[in-house]
Amino acid sequence: MQRVQAEGLTWYTFSDAPSAPFRHALVTRLGGVSRGPLAALNLGSSVGDDPVAVAENHRLLFAALDLPRERVVSPHQVHGRRVARVGREDGGAIIPDTDALITNTPGTALLLRFADCAPVLLYDPVHRAAGLAHAGWRGAAGGVVAATLNAMYEVFGSRPGDMWAGIGPAIGPDHYIVGSEVVAAIAATLPGDIGVAVLREGQWYLDLPGALAAQLTALGVSRVTRAGVCTACHTEEWYSHRQERGRTGRFGALVMLD
Ligand SMILES: [Zn+2]
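The numbering of the sequence shown is our numbering, which starts it at 3 and goes up by one.
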């Protein structure tokens, strides 16, 4: 990934991401005004932060990205598989009970929030359509990636073989302890016996980015790239719900079309 610093903030982009009109950013926690375990660029409004600080962090982010606030759409994320198509009329809105947004509207930015769950970025250069999904173990087991690809096909005609996908910073297999039923549920979404977890000292460690990459590949996405950054190993730049024992903020991932 490429590290970008501007206006006091720091974000990353995938080095092999498609070029214009596709734009994206994986925004670190550096540079905001939130304090303590929520420091600093917390974008989560349901983690006990001061609303004034969260609002200021958003202002800083939109200023750094040169993005008018009224063009940004976010969902209220619930670890589900509901997908919403959004456009200009949704700018500034919060879409309820949704974990993936898709758009083909130039200038409409999709913003989702994360702390261990994986950002899954999607772009179809043929139909000029983009998507952004939030996938933790519930999303991986529930099929949020498949639901997002299906929605992009139904709404825009996007074919997975034309698409690029990027999996952003997420908790890695060295840190993500889950139950055996979770491992079984995610394995059941994949063909054959693709491994999604390792058993170590009696505990299952889920490879969430690996499982999501396998799902994308199985669904026919031709180009899948991974950040390769574990949020739990790198709390200096990313929020990690697990590593910070629930007392943490949310970092942002954004996708838009110019
Ligand atoms: Zn780790």
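For every residue, glycine included, the Cβ atom is placed at its ideal position computed from N, Cα and C.
All of these numbers come straight from a predicted model, not from anything done at the bench.
Looking at the structure shown, is Tyr155 part of a helix, part of a strand, or coil, going by DSSP? Residue 155 sits at position 153 when you count from the first residue of the sequence shown. Residue state, collapsed to three classes: helix.
So the candidates are Ser242, Ile196, Leu256 and Gly197; which of them puts its Cα closest to the Cα of Leu40? On the sequence shown, residue 40 is found 38 positions in, with the first residue counted as 1. The shortest Cα separation from Leu40 among Ser242, Ile196, Leu256 and Gly197 belongs to Ser242.
Using DSSP with H/G/I as helix, E/B as strand and the rest coil, what is Asp92? Position 90 of the sequence shown, counted from the start, is the residue given in the question as residue 92. Note: Asp92 maps to helix in three-state DSSP.
Give me, in chain order, the residues of the same chain whose beta-carbon lies closer than 7 Å to that of Gly89; leave out the 5 immediate sequence neighbours on both sides. Translated into positions along the sequence shown, residue 89 becomes position 87. Contacts found: Thr105, Thr107 and Thr110.
Could you tell me whether the Cβ atoms of Ile169 and Ala229 are closer together than 8 Å? Along the sequence shown, read from residue 1 onward, the residue named residue 169 stands at position 167. Along the sequence shown, read from residue 1 onward, the residue named residue 229 stands at position 227. The answer is yes: Cβ separation under 8 Å.
Below 8 Å between beta carbons: does that hold for Val85 and Ala153? One-based indexing of the sequence shown puts residue 85 at position 83. One-based indexing of the sequence shown puts residue 153 at position 151. The answer is yes: Cβ separation under 8 Å.
Starting from Leu63, follow the alpha helix (DSSP H) in both directions and report where the run begins and ends. For the purposes of this step, residue 63 is taken as residue 61 along the sequence shown, with counting starting at 1. Residues Pro53 to Ala66.
Give the straight-line distance between the Cα atoms of Val6 and Thr233, rounded to the nearest whole angstrom. Here residue 6 refers to the residue found at position 4 of the sequence shown. Here residue 233 refers to the residue found at position 231 of the sequence shown. Cα to Cα, the separation comes out at about 18 Å.
Go through its chain and collect everything with a Cβ distance to Leu125's Cβ below 6 Å, but skip five positions before and after it. The count along the sequence shown starts at 1 and reaches residue 125 at position 123. One detail in the question is off: residue 125 reads as Tyr in this sequence, not Leu. Here the set comprises Pro20, Phe24, Ala132 and Trp166.
Going by the beta-carbon positions, is the gap between Ala27 and Leu256 smaller than 8 Å? Reading the sequence shown from its first residue, position 25 is the one you call residue 27. Reading the sequence shown from its first residue, position 254 is the one you call residue 256. Yes.
Should the stretch 27-36 be regarded as contacting the stretch 52-60, the criterion being three or more beta carbon pairs within less than 8 Å? yes
Exposed or buried, what is Val128 when buried is set at 16 or more other beta-carbons lying within 10 Å of its beta-carbon? Residue 128 sits at position 126 when you count from the first residue of the sequence shown. So Val128 ends up on the exposed side.
Along the chain, where does the alpha helix (DSSP H) that runs through Gln217 open and close? Locating residue 217 in the sequence shown gives position 215, counting from the first residue. Run containing Gln217: Leu210 to Ala220, per the alpha helix (DSSP H) assignment.
Starting from Gly144, follow the alpha helix (DSSP H) in both directions and report where the run begins and ends. For the purposes of this step, residue 144 is identified with residue 142 of the sequence shown, where counting begins at 1. Counting along the chain, the alpha helix (DSSP H) containing Gly144 begins and ends at Trp139 to Gly144.
Member of Ala143, Val122 and Gly145 whose CA lies at the smallest distance from the CA of Leu134: Within the sequence shown, the letter at position 132 stands for residue 134. The shortest C-alpha separation from Leu134 is found at Val122.
With a cut-off of 6 Å, give the chain-ordered residues whose Cβ is closer than this to any heavy atom of ligand 1. Gly174, Asp176, His177, Cys232, Ala234 and Cys235
Give me the residue from Asp118, Gly138, Glu91 and Asp176 with the minimum Cα distance to His81. Within the sequence shown, numbered from 1, the residue matching residue 81 stands at position 79. The shortest C-alpha separation from His81 is found at Gly138.
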